[in-house]
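Since the structure comes first, as structure tokens, the remarks are kept for the end.
Numbering (the numbering used here), first residue to last: 1112 to 1232.
Below is the structure:
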């Protein structure tokens, strides 16, 4: 077994522990290796990072939180209930918007909890 194979196996186990279904037809591949998470989960992870950065530089963007959640829910619903198959690129992009919106809102909530002057007695 090559070193890359061992690393890939460990990454796939980590992806499975994240709760991702890891379906090959809904995942990207690089050099013949499947990404450890599906396109939507990968987009969510990338979006999470971007959303926290957006919060740090721009503050809370409620429109992003709402739009990101609705657009991913719409993509998932169209696929689930009307049988219109989504593409991996669309899954990635909607996941990224969702992740950015949720983490931007999480940054706002975390800052409110830890940086507020509210004291609990």
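Beta carbons: idealized from backbone N, C-alpha and C, even for Gly.
Secondary structure of residue 1140 (DSSP, three-state): strand. In this structure, the beta-carbon distance from residue 1150 to residue 1203 falls below 8 Å. In this structure, residue 1176 sits near residue 1212, with a CB-CB distance shorter than 8 Å. Annotation for residue 1180: 1209, 1212, 1213 place their beta carbon closer than 8 Å to its own, counting only its chain and skipping 5 residues before and after. At a Cβ-Cβ threshold of 8 Å, residue 1199 and residue 1137 count as neighbours. Put simply, the backbone Cα of residue 1122 is about 13 Å away from that of residue 1153. The three-state reading of DSSP puts residue 1133 in coil, since its state is none of H, G, I, E or B.
Check the Cα spacing between residue 1182 and each of 1201, 1115, 1194: the tightest is with 1201.
In this structure, the straight-line span from the alpha carbon of residue 1125 to that of residue 1224 is close to 30 Å. The beta carbon of residue 1165 is closer than 6 Å to those of 1215 in its chain, skipping five residues each way along the sequence. For residue 1122, the enclosing alpha helix (DSSP H) stretches over residues 1114–1128.
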